[in-house]
Amino acid sequence: GGQPTRPFLDALARLTLPAAVTEADRLVWTGNSVAVQREMIARAAVARGADLLAMIDDDIVAPPDALVRLVEALEADPDAALAGALYYSRDSARPMAVTRWNSRDTTSAGIPAYAGDRVTLVDGIGFGCVVVRVDALRALAQPYFSAHVYVDERSRVVRQCDEDYLFCERLRAAGRRVLLHAGVRAGHYDRARETTAPERWESDAETDRLRMIVLQDGETRLVPFDDTVPRAAERQEPFETMILYAALDDA
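Here the sequence shown is numbered in the working numbering, starting from 10 and rising by one per residue.
Structural data, given as structure tokens:
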């Protein structure tokens, strides 16, 4: 968003690049449309002939070896297009990774099982801290990213979301794999509360099973997945949008 947090900057200064990386550029796009910001960064990576693209959001506190370990995960799986770190939503309610995710009905999704340092195949992962093979981008038609716009009619709140999961869905449709590296654990800083999620890291006994998010007594909880539990009705409606570029000054 253009206002990087201090914990993010401190973590960025400690990041180690993989030994095989001989050159690295940093690119920042600001604004209020995350999907388009990611799109511009992805296009730049393709245009510059990069091999790998790392994206780290400006409220993420990544461990120093995050990029090294994510690149290692990609190198170990030639069919993988991206690998991402484990992190939680800012309210600590859920890890930002999904399985059984379907863009036509997002209520079908569950939280994948993960534990320890295991690298897990998932349907989608939050883009707080990821490394993408740029050849996977080159194989796709532009635009690479799209988004859902979430509308809460009761509170009259609208927000853009799911650009990361939708991108992962495109990769899977192209026959590529998406990886969650449970051993790369990143904090998610909340600017308003000045706290870092998760409040505690869950144990392997809690996370090493398929789970789902439910609302109980007004609070969200993670419980073992149960397909018989009624799901919220999801209404979707197409909404056309367009990228409009600022005029360039030729003078």
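C-beta: ideal position from N, C-alpha, C; glycine also.
I'd like to check one pair, residue j with residue i: are the Cβ atoms closer than 9 Å?
i, j, result
"L188", "G93", "yes"
"A28", "G125", "no"
"Y159", "C177", "no"
"R47", "F136", "yes"
"A75", "C138", "yes"
"A182", "V128", "no"
"A44", "E172", "yes"
"Y96", "A241", "no"
"R179", "Y153", "yes"
"V80", "V30", "yes"
Can you name, in chain order, every residue of its own chain whose Cβ lies under 6 Å from the Cβ of residue i, other than the five neighbours on each side?
i, result
"A20", "V70 and A71"
"A102", "T229"
"R271", "Outside the modelled stretch of the chain, which goes from 10 to 260, sits residue 271, for which no answer is possible."
"D144", "none"
Going by other Cβ atoms of all chains shown within 10 Å of its Cβ, with 16 needed for buried, is residue i buried or exposed?
i, result
"M251", "exposed"
"T115", "buried"
"P73", "exposed"
"T39", "exposed"
"L175", "buried"
"V107", "buried"
Whose CA, out of the options, lies closest to the CA of residue i?
i, options, result
"N111", "V141, V131, D235 and Y97", "V131"
"T237", "M221, M49 and A85", "M221"
"S117", "L24, R168 and P239", "P239"
"E32", "M49, R57 and R52", "R57"
"R35", "P73, L175 and L26", "L26"
"I134", "V167, M64 and E203", "M64"
"W210", "R202, G196, R218 and R200", "G196"
"R244", "S42, N41, R52 and E162", "E162"
"A150", "D86, R113, V55 and M105", "V55"
"L279", "A255, G227 and V140", "Residue 279 is absent from the structure shown; the chain starts at 10 and stops at 260."
What does a CB cutoff of less than 7 Å around residue i pick up in its chain, not counting 5 residues either side in sequence?
i, result
"F17", "D67, D68, I69, V70 and Y198"
"L231", "R103, I120, R220 and I222"
"R147", "V55"
"D213", "A124 and G125"
"D88", "R185 and R186"
"R99", "H197, D199 and A206"
"F234", "G119, L219, R220 and M221"
Which partner residues of residue i appear in the DSSP bridge assignment?
i, result
"G138", "Reading the sequence as shown, one finds Cys at residue 138 and not Gly. For C138, which the question treats as bridged, DSSP gives the partners I65."
"A206", "H197"
"R186", "A89"
"R165", "R165 is not bridged to any residue."
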